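K.L.:
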Amino acid sequence: MAKNIKPRSEDYAQWYLDVIKAAQLADYSPVRGCMVIRPEGFALWEGIQRDLDRRFKETGHVNAYFPLLIPQSFLAKEAQHVEGFAMECAIVTHTKLEKDPTKPGTLRPAGPLEEPLIIRPTSETIIGHMYAQWIQSYRDLPVLINQWCNVMRWELRTRLFLRTSEFLWQEGHTAHETAEQAQAETLQMLDVYADFAEQFLAIPVIKGYKTESEKFPGADTTYTIEGLMQDGKALQCGTSHNLGQNFAKAFDIKFLGRDQQQAFCHTTSWGVSTRMIGATIMAHSDDEGLITPPHVAPNVVAIVPIFKTPDEKATVSAFIEKILVQLVGADEVTAAAKRAGSDIASFFFDKATGQKIVVDWRDSRPGDKQYHWEQRGVPFRIEVGPRDVAGGVFVLKHRLDRAKAITNLTDVSPEWLRGLLKDMHTKLLDRARAFRDANTTVAASYDELKSIVSDKGGFVRCFFKPDRAAEAKIKEETKATVRCVPLAQSGQKGKCIYSGEETDVEVLFALAY
RNA sequence: CGGGGCGUAGCUCAGCUUGGUAGAGCGCUUGGUUCGGGACCAAGAGGCCGUAGGUUCAAAUCCUAUCGCCCCGACCA
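Going by this note's numbering, the first residue of the first sequence is number 393, and it counts up by one from there.
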């Protein structure tokens, strides 16, 4: 058992932090609410970027970059937007520092700006401003741009990856000729996100739309993918907004239409953030530490040699080289030998994704190394000792179920490993889906909702007529919120658990991060 | 911003009540014995006790101020 990780059953929040610390994914920074993403954690983000970016390109989008700083006045142009973000904006008010004569050794701001700048909490406003200049005619549409960047929201309470003051994300911003096109784009990107979450990170998600009280400030409709974490709390994993003509009107994004009339564009925006890393951790990991879904894992296999004498080391090393040649090819083994490196040798298993196989030659005990790679979530470990070499086999250890399998060297090939990785992905997704389904409960009354939320947790599915006041009251009484109105509706009618009125709307309630 | 708690070695903390030469465990370095799931022994490096005042012969310890952090709530991807 891991001695540096608190079990989930004892303290789920501490477990989450322990897993991050043990896997060295992130660290606290000197600035409150901000985190340092360490190499192991950033590798996960790079994996997410790689796969999502491909999906964006495949759906016709291109990347661009807009500035970090936004004129303060921009934020005021869209009424709902101000309401939503004004409270959490960091503001730049000065252009330089100068020595403070009243306090020797300290600096003070100088050169006040005429108009303060805000650090983007999201970029609808500045992008809207630019789109207004770029779009003149229906021939300029659609505009399909994404940007990868950081944003800042001065959060009151922060948690590594799940909610930090500064976070990394991508934000797609599109402009369309018609409402139908904007709606199609919004739903298309929701599908992209859902498919990405399930097929890349093995996180099953529910597609739905947000109620009025939960939607993005300035959107007509906010769609969401909602995941369920192992403690029974929901996590919003990504959002796709149909902004209607709200921002087009606020930023004057107009075009001359096919009918020779000026018209406002219909715009969308959609994003996922480093929160996805938090979701991945919480959806899959166990009391032994991180479990990395195979597609995002920077290292897919860690090889641990076992030896005592120099002779044994030579024997084991030669055998490991055979394994490597069969997995990555002789050329890559040669190339890797030339790369400057530490005692941990690494070999590209897949050059397209950058995923590697590592061999841990560090001077420490095999047990230490097992824990080391296990806690970092490496999908598979291979153990090679003198006894194995004698039999032409090695020990394969599965991170997911911690199973051991004696494996013949002759079975090893890239297809063999790809099969293992694919199988692990399927098992992870199935396990998470089974958990989600087992923790989705139907409630027929408000009392049932209350008892499920407080006793069992998870998603509570029920008939509910979305209503701002009712939702506020329910949140006050149960802390649960409407996570979404699932797109998959039964089509039946029932009584709203709160008002008792007949409705055909079914929603999911849950406690949320 | 309300309510709690805490600032002492890289980390987790003891010492403070009742002032008197700075401590432990983990981690780190070196050497040896080890090595198939977190080894052991020995030696060693590492601290303006958050910061600034005050009381005192003497302050990590008492007093005052200040800064910062963590937890619980309100806000949120």
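For every residue, glycine included, the Cβ atom is placed at its ideal position computed from N, Cα and C.
No experiment lies behind these values; they were computed from the predicted model shown.
Reducing DSSP to helix, strand and coil, say where ILE595 ends up.
P.N.:
Numbered from 1 along the first sequence, position 203 holds the residue referred to as residue 595. DSSP places ILE595 in coil when its eight states are reduced to three.
K.L.:
I need the straight-line Cα distance from GLY452 to ARG875, nearest angstrom please.
P.N.:
Within the first sequence, the letter at position 60 stands for residue 452. Within the first sequence, the letter at position 483 stands for residue 875. Going from the Cα of GLY452 to the Cα of ARG875 covers about 30 angstroms.
K.L.:
ASP752 bridges to which residues according to DSSP?
P.N.:
Position 360 of the first sequence, counted from the start, is the residue given in the question as residue 752. ASP752 is bridged to ILE736.
K.L.:
Between which two residues does the alpha helix (DSSP H) carrying VAL708 extend?
P.N.:
Sequence index remark: in the first sequence, residue 708 carries index 316 (1-based). Start and end: 702-720.
K.L.:
Let me know the beta strand (DSSP E) ranges lying completely inside the region 481-522, each 3 residues or longer, listed in chain order.
P.N.:
Within the region 481-522, the complete beta strand (DSSP E) runs of at least 3 residues are 483-491 and 499-511.
K.L.:
Taking only runs of the beta strand (DSSP E) that begin and end inside the region 859-888, which ones reach a length of at least 3 residues, in chain order?
P.N.:
873-878
K.L.:
Helix or strand or just coil, what does DSSP make of LEU460?
P.N.:
Locating residue 460 in the first sequence gives position 68, where the first residue counts as 1. LEU460 falls in the coil class under three-state DSSP.
K.L.:
In angstroms, rounded to a whole number, what distance separates the CA positions of GLU402 and ASP623?
P.N.:
Here the question's residue 402 lines up with position 10 in the first sequence. Here the question's residue 623 lines up with position 231 in the first sequence. GLU402 and ASP623: Cα-Cα distance of roughly 11 angstroms.
K.L.:
Can you tell me the Cα-Cα spacing of VAL428 and ASN542, whole angstroms?
P.N.:
To locate residue 428, count along the first sequence from 1; it is residue 36. To locate residue 542, count along the first sequence from 1; it is residue 150. In a straight line, the C-alpha of VAL428 is about 13 angstroms away from that of ASN542.
K.L.:
Do you know offhand how far PRO686's Cα is from HIS817's?
P.N.:
Sequence index remark: in the first sequence, residue 686 carries index 294 (1-based). Sequence index remark: in the first sequence, residue 817 carries index 425 (1-based). When only Cα atoms are considered, PRO686 and HIS817 end up about 6 angstroms apart.
K.L.:
Whole-angstrom Cβ separation of HIS473 and PRO690, contact assumed at under 8 angstroms?
P.N.:
Position 81 of the first sequence holds residue 473. Position 298 of the first sequence holds residue 690. Contact doesn't hold; Cβ gap of about 37 angstroms is too wide.
K.L.:
On the three-pair Cβ rule with 8 angstroms, is the region 630-639 touching the region 711-720?
P.N.:
no
K.L.:
Does the Cβ-Cβ distance between ILE518 and PHE477 come in under 8 angstroms?
P.N.:
To locate residue 518, count along the first sequence from 1; it is residue 126. To locate residue 477, count along the first sequence from 1; it is residue 85. It is not a contact, given that the beta carbons lie outside the stated cut-off.
K.L.:
Who does ILE645 pair with in a DSSP beta bridge?
P.N.:
As a working note, residue 645 is residue 253 in the first sequence. According to DSSP, ILE645 bridges with nothing at all.
K.L.:
Which residues share a DSSP beta bridge with GLU898?
P.N.:
In the first sequence, residue 898 corresponds to position 506, counting from 1. Partner(s): PHE855.
K.L.:
Starting from the C-beta of LYS743, find all residues in its chain whose C-beta is less than 7 angstroms away, skip the five residues before and the five after it, and write them out in chain order.
P.N.:
Residue mapping note: residue 743 aligns to position 351 of the first sequence, counting from 1. Contacts found: none.
K.L.:
Can you give the beta carbon distance from GLY850 to THR833, rounded, assuming they're within the 8 angstroms contact cut?
P.N.:
As a working mapping, residue 850 is identified with position 458 in the first sequence. As a working mapping, residue 833 is identified with position 441 in the first sequence. Between THR833 and GLY850 the Cβ distance is about 6 angstroms, and since that is below 8 angstroms, they are a contact.
K.L.:
Can you give me the Cβ contacts of ASP612 inside the same chain, cut-off strictly under 6 angstroms, excluding the 5 residues immediately before and after it?
P.N.:
In the first sequence, counting from the first residue as 1, residue 612 sits at position 220. So the qualifying residues of the chain are ASN634 and GLY636.
K.L.:
Would you tell me roughly how many angstroms separate the C-alpha atoms of ILE844 and LEU461, rounded to the nearest one?
P.N.:
Position 452 of the first sequence, counted from the first residue, corresponds to residue 844. Position 69 of the first sequence, counted from the first residue, corresponds to residue 461. C-alpha separation (whole angstroms): 45 angstroms.
K.L.:
Just how far apart, CA to CA, sit GLY759 and ARG791?
P.N.:
On the first sequence, position 367 is the one that residue 759 refers to. On the first sequence, position 399 is the one that residue 791 refers to. Cα to Cα, the separation comes out at about 15 angstroms.
K.L.:
Is LEU477 helix, strand or coil when you go by DSSP?
P.N.:
The residue given as residue 477 occupies position 85 in the first sequence. The identity of residue 477 in the sequence shown is Phe, whereas the question assumes Leu. It is helical.
K.L.:
Return the chain-ordered ranges of every alpha helix (DSSP H) run that is complete within the region 792-836 and spans a minimum of 4 residues.
P.N.:
806-830
K.L.:
Counting only the same chain and skipping the five closest in sequence on each side, list residues whose C-beta sits under 8 angstroms from that of LYS848.
P.N.:
Counting from 1 along the first sequence, the entry for residue 848 is found at position 456. Once the five neighbours on either side are set aside, the close Cβ partners of LYS848 are GLY624, ASN831 and THR833.
K.L.:
Could you compute how far the alpha carbon of ASP829 sits from the alpha carbon of VAL597?
P.N.:
Indexing the first sequence from 1 puts residue 829 at position 437. Indexing the first sequence from 1 puts residue 597 at position 205. Taking the straight line from one Cα to the other gives about 11 angstroms.
K.L.:
Please name the residue or residues paired with PRO697 in a DSSP beta bridge.
P.N.:
Walking along the first sequence from the start, residue 697 turns up at place 305. For PRO697, which the question treats as bridged, DSSP gives the partners VAL776.
K.L.:
Along the chain, where does the alpha helix (DSSP H) that runs through THR684 open and close?
P.N.:
On the first sequence, residue 684 is found 292 positions in, with the first residue counted as 1. Taken as a continuous stretch (DSSP letters only), THR684 belongs to no alpha helix (DSSP H), as it is neither H nor E.
K.L.:
Using a threshold of 8 angstroms, state whether the C-beta atoms of ILE645 and ILE527 are closer than that.
P.N.:
Walking along the first sequence from the start, residue 645 turns up at place 253. Walking along the first sequence from the start, residue 527 turns up at place 135. Their beta carbons are under 8 angstroms apart, which means ILE645 touches ILE527 by this criterion.
K.L.:
Is the beta carbon of THR684 sitting closer than 8 angstroms to the one on GLY769?
P.N.:
By one-based count along the first sequence, residue 684 stands at place 292. By one-based count along the first sequence, residue 769 stands at place 377. Cβ distance < 8 angstroms, so THR684 and GLY769 count as in contact.
K.L.:
Can you tell me which of ASP723, GLN580, ASP752 and ALA468 puts its alpha carbon nearest to the alpha carbon of ILE736?
P.N.:
As a position in the first sequence, residue 736 is number 344, starting the count at 1. Minimum Cα distance to ILE736 is reached at ASP752.
K.L.:
Check this for me: beta carbons of GLN539 and GLU558, under 8 angstroms apart or not?
P.N.:
Residue mapping note: residue 539 aligns to position 147 of the first sequence, counting from 1. Residue mapping note: residue 558 aligns to position 166 of the first sequence, counting from 1. Taking 8 angstroms as the Cβ cut-off, GLN539 and GLU558 do not qualify as a contacting pair.
K.L.:
Tell me, please, whether the region 882-892 touches the region 855-863 by the rule of three or more beta-carbon pairs shorter than 8 angstroms.
P.N.:
Yes, the region 882-892 is in contact with the region 855-863.
K.L.:
Below 8 angstroms between beta carbons: does that hold for ARG545 and GLU480?
P.N.:
For the purposes of this step, residue 545 is identified with residue 153 of the first sequence, where counting begins at 1. For the purposes of this step, residue 480 is identified with residue 88 of the first sequence, where counting begins at 1. Their beta carbons are under 8 angstroms apart, which means ARG545 touches GLU480 by this criterion.
K.L.:
Assign TYR408 to buried or exposed, taking buried as 16 or more other Cβ atoms, counted over all protein chains shown, within 10 Å of its Cβ.
P.N.:
What you label residue 408 is simply residue 16 of the first sequence in a count that begins at 1. Buried.
K.L.:
Looking at VAL708 and VAL804, is the spacing between their C-beta atoms short of 8 angstroms?
P.N.:
Taking the first sequence and counting its residues from 1, the one referred to as residue 804 is at position 412. Taking the first sequence and counting its residues from 1, the one referred to as residue 708 is at position 316. Going by C-beta atoms, VAL804 is not nearer than 8 angstroms to VAL708.
K.L.:
For ALA694, which residues of its own chain have a beta-carbon under 7 angstroms away from its beta-carbon, when the five flanking residues on both sides are left out?
P.N.:
Working through the first sequence from its first residue, we reach residue 694 at position 302. Cβ neighbours of ALA694 beyond the five flanking positions: VAL750, ASP752, TRP765, VAL770 and ARG773.
K.L.:
Do LEU593 and MET668 have their C-beta atoms closer together than 8 angstroms?
P.N.:
Mapped onto the first sequence, residue 593 falls at position 201. Mapped onto the first sequence, residue 668 falls at position 276. Result yes, Cβ atoms of LEU593 and MET668 sit closer than 8 angstroms.
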